[in-house]
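Residue numbers (the numbering used here): 156 to 555.
Encoded structure:
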C-alpha cells in the first residue's frame with residue numbers, strides 16, 4: 156500500500172506561495188487603478204516598480220525560507236507604495252484646491268472674522284485692488300472699505316432687514332479710486348479659527364446706471380408733479396376767473412343791482428335755493444316816469460346818476476334777503492321774500508316818498524309799479540308778466 160505524501164512534502168511550490176502572489180497582484184492592481192483615476196504620476200511609477208519586483212521574484216527559484224522572506228519584503232514594499240500614493244494624492248488635492256481659489260474669475264478673499272486681517276487673496280483680488288500680494292496680506296479689510304464704521308453698521312442692518320445675503324460697500328483701490336462692490340461672505344472654521352470666505356463683485360457701473368435711472372425717475376416725478384400743480388393752478392385760475400366774470404355778468408356795472416341774467420337763477424326752481432327757504436314772495440316791477448325826458452334834457456350823465464340814486468334808495472329800504480334787479484334801461488324788479496302784497500305796497504311807497512323828497516336834482520324822480528304775490532313753487536315768468544301789466548295800469552294813472 157502506497158504511503159500518501161503530505162502537501163507540504165510534495166514537489167513544487169506550496170499553496171501559500173500562490174495565495175501570496177495573488178494578494179500581491181491584487182494590491183498592485185489597486186495601486187494602478189487609484190493612480191490612473193487620480194492622474195497621479197508618482198502612483199504610476201510605484202506600479203511599475205512593484206511589477207518589476209513581482210516579476211523578478213516570481214522567476215527566481217528559492218527555498219522555502221527565502222521565499223517567505225521575499226514575500227514579506229514585497230508586501231512591505233506594496234504597503235509603502237500605497238502610503239506614498241495616499242500622501243501624493245493628498246498633496247494633489249491640496250494643489251487642486253489652491254488652483255481653484257487662485258484661478259477663479261471672481262475676486263476672492265479670506266478674512267479673519269475677529270480682526271479683519273486679510274489672510275489670503277487670489278490673483279484677481281491683487282489685480283483689482285492694485286496692491287502687491289505682500290501689501291494686500293499685510294492689510295485689514297477696514298483699510299480697503301471706504302465707508303465709516305457707522306455706515307458699515309447701517310449697511311449690515313439694512314441687509315438684515317431686507318434679508319439680503321450680501322453687503323454693498325465702497326472699496327478704495329491703491330490709486331485712490333473708489334469702487335462700489337457687492338460682498339458675499341460665508342463663515343468657515345480652519346484650525347479653530349473663524350474666517351470669512353468672501354467673494355467680491357464690482358458693481359460700480361451697475362450702481363452708476365441705477366443712480367442715473369433713479370435720478371432720471373426722480374426728475375420725471377418732479378416734472379410731473381410740477382406740471383400737475385401748474386395744471387391745477389391753471390384750472391383754479393380759470394374757475395376763479397369764470398366765477399369772477401360770471402359774477403360780474405350777474406351784476407349791473409352801472410347801478411350795482413343784479414342784472415337781467417340773474418333772473419335765470421330765480422326762474423329755475425332747481426337753482427333757486429334762496430327761494431326754497433321761503434314760503435312766498437312778492438314780485439314788484441318798477442319803471443321810471445319821464446326818464447327819456449331827463450336824458451334828453453339834462454344829458455345821459457345825469458340820467459346814469461339818477462339810475463344809481465334809484466338803486467341806492469331801493470337797497471336802503473330792502474332787507475338782506477330781498478333782491479333788486481335792473482330789468483331794462485329804467486326798469487327794475489324787486490323780489491321781496493316772505494312779503495305779502497300789502498307789505499310790499501308799504502315798502503314801495505316808502506321808496507317813492509324818499510325819491511320825491513330828494514333835492515339832489517332840479518326835478519322830481521317818479522316811477523310807476525305793479526305787484527304780484529306768488530309762492531316759491533310758481534314760476535317767475537308769469538308773475539313778471541302780471542306785475543308788468545299792473546305797472547302799466549299805474550303808469551296810465553300817473554300820466555292822467
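Idealized CB from N, CA, C, for every residue including glycine. These figures come from a predicted structure and were not determined experimentally.
In the assembly as shown, residue 489 is a buried residue. Its beta-carbon has 16 or more other beta-carbons within 10 Å. In the three-state reduction of the DSSP assignment, residue 520 falls in the coil class. DSSP places residue 480 in the uninterrupted beta strand (DSSP E) bounded by 478-481. Around the C-beta of residue 528, 16 or more other C-beta atoms lie within 10 Å, and the residue is accordingly described as buried. Residue pairing by DSSP places residue 344 opposite 349 in a beta bridge. The secondary-structure analysis by DSSP pairs residue 525 across a beta bridge with 440. Note on residue 391: under 16 other CB atoms within 10 angstroms of its CB, so exposed under the neighbour-count rule. Contact between residue 326 and residue 334 holds: CB atoms are separated by about 6 Å, below the 8 Å threshold. Inter-residue distance for residue 278 and residue 262 is about 8 Å (C-alpha atoms, whole angstroms). Ranked by how close their Cα comes to the Cα of residue 354, the residues 362, 339, 535, 363 have 339 in first place.
Straight through space, the alpha carbons of residue 405 and residue 480 are spaced by roughly 10 Å.
Remark: C-beta atoms of residue 464 and residue 519 do not approach each other more closely than 8 Å.
Considering only 540, 509, 493, 500, the residue with the shortest C-alpha distance to residue 530 is 493. Scanning its chain for C-beta atoms nearer than 6 Å, with the 5 sequence neighbours on each side dropped, one finds around residue 314 the residues 322, in chain order.
Under the three-state reduction of DSSP output, residue 334 falls in the strand class. In the same chain as residue 283, and ignoring 5 residues on each side of it, the C-beta atoms closer than 6 Å to its own belong to 262, in chain order. Residue 280 and residue 291 do touch by the CB rule: their CB atoms are close to 7 Å apart, below 8 Å. For residue 327, DSSP records a beta bridge to 333. Here DSSP, grouped into helix, strand and coil, assigns residue 267 to strand. In the DSSP assignment, residue 491 forms a beta bridge with 437. Taking one beta carbon from each stretch, the segment 345-359 and the segment 262-274 have 3 or more pairs nearer than 8 Å; the two touch. In the DSSP assignment, residue 300 forms a beta bridge with 326. Residue 538 counts as buried, since at least 16 other C-beta atoms from the protein chains shown sit within 10 angstroms of its C-beta. When secondary structure is reduced to three states using DSSP, residue 410 falls in the coil class, being assigned neither helix nor strand. Sequence-distant Cβ neighbours of residue 544 in its own chain, meaning closer than 8 Å and more than five residues away, are 525. A residue is called buried once 16 or more other Cβ atoms fall within 10 Å of its Cβ, and residue 458 is buried on that count. Residue pairing for residue 262: DSSP places it in a beta bridge opposite 355.
Shortest Cα-Cα distance from residue 266 to any of 477, 257, 260, 297 involves 297. For residue 538, the enclosing alpha helix (DSSP H) begins and ends at 535-554.
For residue 486, the three-state secondary structure derived from DSSP is strand.
Taking C-beta atoms as the reference points, residue 461 and residue 410 fail to come closer than 8 Å. If you draw a straight line from the Cα of residue 532 to the Cα of residue 550, it is about 30 Å long.
Residue environment for residue 547: exposed (fewer than 16 other C-beta atoms within 10 angstroms of its C-beta). In this structure, the CA atom of residue 287 is about 15 Å from the CA atom of residue 257. The beta carbons of residue 472 and residue 505 sit closer together than 8 Å. Scanning its chain for C-beta atoms nearer than 6 Å, with the 5 sequence neighbours on each side dropped, one finds around residue 510 the residues 468, 520, in chain order.
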